[in-house]
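**Student:** Count along the sequence shown starting at 1, add 12, and that's the number in the numbering used here. Just so you know, even glycine gets a beta-carbon here, dropped at the ideal spot from N, CA and C.
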Amino acid sequence: MKMDHRNFGNIVEIHQEVSPKEVNRYLALGWILLNVHTTDYGHPVERHQNTEFTLGWNKENGEVQKPQKEKSQIDDFISAWELKNSDEN
Numbered sequence: 013m014k015m016d017h018r019n020f021g022n023i024v025e026i027h028q029e030v031s032p033k034e035v036n037r038y039l040a041l042g043w044i045l046l047n048v049h050t051t052d053y054g055h056p057v058e059r060h061q062n063t064e065f066t067l068g069w070n071k072e073n074g075e076v077q078k079p080q081k082e083k084s085q086i087d088d089f090i091s092a093w094e095l096k097n098s099d100e101n
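#1: If I follow the unbroken beta strand (DSSP E) through Asn36, where does it start and stop?
#2: Can you tell me which of Ser31, Tyr38, Leu45 puts its alpha carbon nearest to the alpha carbon of Phe20?
#3: For Trp43, tell me which candidate among Phe89, Glu82, Lys96, Leu67 has the shortest Cα-Cα distance.
#4: Please name the residue in Lys71, Ala40, Thr63 whose C-alpha comes closest to that of Thr51.
#5: Quick check on this structure: which residue in Trp69, Glu82, Ala92 has the alpha carbon closest to the alpha carbon of Ile26?
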């Protein structure tokens with residue numbers, strides 16, 4: 013993927029994402045796709061790959077906007093927080 017690096021000075025925030033669904037939510041708000049790459053992990057014989065997307069927010073778009081968390085994500089976060097804090101008591 014060939015990139016135009018001239019406007020990187022306008023990028024005020026970077027976000028990396030592995031979920032195509034989340035990438036589309038960021039793109040819908042005006043984020044720019046800066047790079048796509050794969051990472052390998054796991055045992056040398058049985059490798060796994062992830063596709064990672066790097067997105068940037070252009071300052072010309074105004075204040076940085078991020079997608080709202082979906083209810084299921086919020087519920088998962090609250091459950092994890094409650095579990096962590098109940099272990100401390």
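**Tutor:** Once the coordinates are examined:
#1: Unbroken run through Asn36 is the alpha helix (DSSP H), 32 to 41; no beta strand (DSSP E).
#2: For the residues Ser31, Tyr38, Leu45, the minimum Cα distance to Phe20 belongs to Leu45.
#3: Leu67
#4: Nearest to Thr51 by C-alpha distance, out of Lys71, Ala40, Thr63, is Thr63.
#5: Ranking Trp69, Glu82, Ala92 by Cα distance to Ile26 puts Trp69 first.
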